[in-house]
Amino acid sequence: METDTIHELTAAYALDALDDAEVRRYEDHLAHCPRCREDLASFAEAASSLAYASAGPAPSPTLRTRILEQARSERPNVVPLRRRVTWIATAAAAAAACAALGLGLWAASLSRSLDRERGRQAAVAAVLGDPAARRFTLSSGHGSLVVARTGRAVLLVSGFQRAPSGKVYEAWVVQNGTPRRAGTFKKGQTAALLTTRVPQGAKVLVTQERAPGVDQPTSTPITGTQA
Amino acid sequence: MPRDLAHLSDEALVALVARSDETALAELYDRFGRVAFGLARRILRDDALAEDAVQEGFLAAWRSASRFVPERAKASTWLLTLVHRRAVDLVRREERRRAESLAEELEPAGGATDEAVWLRYERERVQNALKRLPDQQREALELAYYGGFTQSELADRLGQPVGTIKSRMFTGLSRLRDLLAEPELDERTWRPTPSTS
Numbered sequence: 257m258e259t260d261t262i263h264e265l266t267a268a269y270a271l272d273a274l275d276d277a278e279v280r281r282y283e284d285h286l287a288h289c290p291r292c293r294e295d296l297a298s299f300a301e302a303a304s305s306l307a308y309a310s311a312g313p314a315p316s317p318t319l320r321t322r323i324l325e326q327a328r329s330e331r332p333n334v335v336p337l338r339r340r341v342t343w344i345a346t347a348a349a350a351a352a353a354c355a356a357l358g359l360g361l362w363a364a365s366l367s368r369s370l371d372r373e374r375g376r377q378a379a380v381a382a383v384l385g386d387p388a389a390r391r392f393t394l395s396s397g398h399g400s401l402v403v404a405r406t407g408r409a410v411l412l413v414s415g416f417q418r419a420p421s422g423k424v425y426e427a428w429v430v431q432n433g434t435p436r437r438a439g440t441f442k443k444g445q446t447a448a449l450l451t452t453r454v455p456q457g458a459k460v461l462v463t464q465e466r467a468p469g470v471d472q473p474t475s476t477p478i479t480g481t482q483a
Numbered sequence: 007m008p009r010d011l012a013h014l015s016d017e018a019l020v021a022l023v024a025r026s027d028e029t030a031l032a033e034l035y036d037r038f039g040r041v042a043f044g045l046a047r048r049i050l051r052d053d054a055l056a057e058d059a060v061q062e063g064f065l066a067a068w069r070s071a072s073r074f075v076p077e078r079a080k081a082s083t084w085l086l087t088l089v090h091r092r093a094v095d096l097v098r099r100e101e102r103r104r105a106e107s108l109a110e111e112l113e114p115a116g117g118a119t120d121e122a123v124w125l126r127y128e129r130e131r132v133q134n135a136l137k138r139l140p141d142q143q144r145e146a147l148e149l150a151y152y153g154g155f156t157q158s159e160l161a162d163r164l165g166q167p168v169g170t171i172k173s174r175m176f177t178g179l180s181r182l183r184d185l186l187a188e189p190e191l192d193e194r195t196w197r198p199t200p201s202t203s
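Listed in order, the protein sequences are those of chains Y and R.
The first sequence maps to residues 257 to 483 in the working numbering.
The second sequence maps to residues 7 to 203 in the working numbering.
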């Protein structure tokens, strides 16, 4: 198939408008075409936005129950082999292929599209998604601390008031009695990625401080835990 | 603990789903179940089949969340893609889609929750963008996405060469993407935060 023609299939693929044979051919192409992967990311987003254009009634409440019961019965998660892989899985496979070849194309396309917030969220997702992450309960029912194998950590806080004007919540990693700044947040319910890694045995504390944050804690910790 | 995870991003929820966290799956469902059902219902024109498609889509998400790559796609895109795929597979299998009119049934959006507000906002945003596409491009997108037709079937139905259909979909989807990316349409404004008016 002519190259320009197969590039054009990106839209049809994103819209699920290819038959099985065309899907296979396109996915083969996708595995080694960075341009199509780049296009596909934005096309898939545009196509899925079409979902919102349909108004309709809510599904029956039993659907939610059914889905959750079925999910529970399938625990623990097993990743089944599927004939028709999702494009995301294809892209991940392609990333691995690129890395193996040392081309770095995929990595380059990644960094272009990665804005700061997405990067932060990806880091949060990576911590929460680490199967070896450890979870510690924060005192006073204020949520939990999740520490990934790498020491990157996320505070899942809840039950705080939003910090008053001019104030922030500041997190601290305390080791050998020395507190180190680990980032600030305003919201009472958030997933805060700590800017300092959390070694085993260290304490993590949260205090309320003057915005935009201070170098040493000046008030009694509101909550905390030991990792 | 309902809504316990309301403060997490969709992507963080998927990361929890990858660790078999059912409450995260429930939260994802509470955010996107209604959109997913509306989509599946429009494709399948049958409530029971639409529920099947939504169920299979969410369970596919449950099983494959560990393969989700947050750098490459929004979680909502991924999830809705999974549901759409199931609905299209079903409609092709059931041969149900052959209704001639794909005009959507407009209903007043009910509910006063935050989700309903952002949903309505999102719907209007996408509908407005669709209206700004040339007729032939809009038709190709709608028949493909809501009708579940393949490009070859569309070519037959519209009496056009496959290449023409392919181009209409490509140009139409590119344009839709650009329209949706216009500045006032910041993707973060849809988030169900209390500050959203």
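Glycine included, each C-beta is placed from N, C-alpha and C at the ideal position.
Residues that residue i contacts on chain R, provided the C-beta gap is smaller than 7 Å
{"i": "I323 of chain Y", "result": "Y35, Q61, F64 and L65"}
{"i": "Q482 of chain Y", "result": "Within 7 Å Cβ-Cβ: nothing; Q482 of chain Y doesn't reach chain R, min ~22 Å."}
{"i": "T440 of chain Y", "result": "Residues of chain R passing the Cβ test: none, with the nearest at roughly 16 Å."}
{"i": "T253 of chain Y", "result": "Any question about residue 253 of chain Y goes unanswered here, given that chain Y covers just 257 to 483."}
Outcome for residue i when other beta-carbon atoms lying within 10 angstroms are tallied against a minimum of 16
{"i": "G433 of chain Y", "result": "exposed"}
{"i": "Q157 of chain R", "result": "buried"}
{"i": "D16 of chain R", "result": "buried"}
{"i": "A47 of chain R", "result": "The residue you asked about is not Ala; residue 47 of chain R is Arg in the sequence shown. R47 of chain R should be labelled buried."}
{"i": "E325 of chain Y", "result": "exposed"}
{"i": "S414 of chain Y", "result": "buried"}
{"i": "K80 of chain R", "result": "buried"}
{"i": "E264 of chain Y", "result": "buried"}
{"i": "K172 of chain R", "result": "buried"}
{"i": "P140 of chain R", "result": "exposed"}
{"i": "T481 of chain Y", "result": "buried"}
{"i": "S316 of chain Y", "result": "exposed"}
{"i": "S70 of chain R", "result": "buried"}
{"i": "L11 of chain R", "result": "buried"}
{"i": "P435 of chain Y", "result": "buried"}
{"i": "A277 of chain Y", "result": "exposed"}
{"i": "Q61 of chain R", "result": "buried"}
{"i": "S396 of chain Y", "result": "exposed"}
{"i": "A54 of chain R", "result": "exposed"}
Chain Y contact residues for residue i, given Cβ-Cβ distances below 8 Å
{"i": "V123 of chain R", "result": "Going along chain Y, no residue has its Cβ under 8 Å from V123 of chain R, so there is no contact; the nearest lies around 13 Å."}
{"i": "L50 of chain R", "result": "None at all; the shortest Cβ gap to chain Y is about 12 Å."}
{"i": "Q133 of chain R", "result": "A309"}
{"i": "L179 of chain R", "result": "A267, A270, L271, F299, A302 and A303"}
{"i": "R144 of chain R", "result": "The premise fails here: R144 of chain R is roughly 10 Å from chain Y at the closest Cβ pair, so nothing lies under 8 Å."}
{"i": "R92 of chain R", "result": "In chain order: nothing, as chain Y lies at least about 10 Å away."}
Beta-bridge partners of residue i, as assigned by DSSP
{"i": "A447 of chain Y", "result": "Y:L412"}
{"i": "W428 of chain Y", "result": "Y:R437 and Y:L461"}
{"i": "Q482 of chain Y", "result": "Y:K459"}
{"i": "V402 of chain Y", "result": "Y:R391 and Y:V410"}
{"i": "K423 of chain Y", "result": "Y:R466"}
Presumed contact (8 Å Cβ cut-off) between residue i and residue j, rounded CB distance
{"i": "D295 of chain Y", "j": "H90 of chain R", "result": "Actually they are not in contact, since the Cβ atoms of D295 of chain Y and H90 of chain R sit about 18 Å apart, beyond 8 Å."}
{"i": "W428 of chain Y", "j": "R437 of chain Y", "result": "7 Å"}
{"i": "G44 of chain R", "j": "A311 of chain Y", "result": "6 Å"}
{"i": "T479 of chain Y", "j": "H398 of chain Y", "result": "4 Å"}
{"i": "V23 of chain R", "j": "A67 of chain R", "result": "7 Å"}
{"i": "E128 of chain R", "j": "Y308 of chain Y", "result": "4 Å"}
{"i": "G63 of chain R", "j": "R92 of chain R", "result": "5 Å"}
{"i": "V460 of chain Y", "j": "V454 of chain Y", "result": "6 Å"}
{"i": "T476 of chain Y", "j": "E465 of chain Y", "result": "Rounded, the Cβ-Cβ distance is 12 Å, inconsistent with contact."}
{"i": "L65 of chain R", "j": "A327 of chain Y", "result": "6 Å"}
{"i": "A150 of chain R", "j": "L160 of chain R", "result": "6 Å"}
{"i": "R320 of chain Y", "j": "Y35 of chain R", "result": "6 Å"}
Under 9 Å by beta carbon: chain Y residues contacting residue i
{"i": "V97 of chain R", "result": "Within chain Y, no residue comes near V97 of chain R; the closest Cβ sits about 10 Å away, beyond 9 Å."}
{"i": "K137 of chain R", "result": "Per Cβ cutoff of 9 Å: no residues; K137 of chain R is ~10 Å from chain Y at best."}
{"i": "T170 of chain R", "result": "Ordered by position in chain Y, no residue passes the 9 Å Cβ test against T170 of chain R, which lies about 11 Å from the chain."}
Pair within 7 Å by beta-carbon distance, residue i and residue j
{"i": "G469 of chain Y", "j": "V424 of chain Y", "result": "yes"}
{"i": "V75 of chain R", "j": "G154 of chain R", "result": "no"}
{"i": "G381 of chain Y", "j": "V410 of chain Y", "result": "The identity of residue 381 of chain Y in the sequence shown is Ala, whereas the question assumes Gly. Contact flag unset, no."}
{"i": "A135 of chain R", "j": "L179 of chain R", "result": "no"}
{"i": "A300 of chain Y", "j": "T177 of chain R", "result": "no"}
{"i": "L401 of chain Y", "j": "F392 of chain Y", "result": "yes"}
{"i": "E28 of chain R", "j": "L19 of chain R", "result": "no"}
{"i": "G439 of chain Y", "j": "A467 of chain Y", "result": "no"}
{"i": "Q143 of chain R", "j": "R99 of chain R", "result": "no"}
{"i": "S304 of chain Y", "j": "L147 of chain R", "result": "no"}
{"i": "C292 of chain Y", "j": "T266 of chain Y", "result": "yes"}
{"i": "L186 of chain R", "j": "R138 of chain R", "result": "no"}
Neighbouring residues, chain Y, relative to residue i (Cβ below 7 Å)
{"i": "G165 of chain R", "result": "Chain Y residues near G165 of chain R: none, gap ~17 Å exceeds 7 Å."}
{"i": "L45 of chain R", "result": "A307 and S310"}
{"i": "E28 of chain R", "result": "L324, A327 and R328"}
{"i": "Q157 of chain R", "result": "A268, A273 and L274"}
{"i": "T83 of chain R", "result": "A300, E301 and S304"}
{"i": "E128 of chain R", "result": "Y308"}
{"i": "A161 of chain R", "result": "Those do not exist, as A161 of chain R stays about 11 Å from chain Y at its closest Cβ, beyond 7 Å."}
Where residue i meets chain R, residues with beta-carbon distance less than 8 Å
{"i": "L319 of chain Y", "result": "G39, F43, E57, V60 and Q61"}
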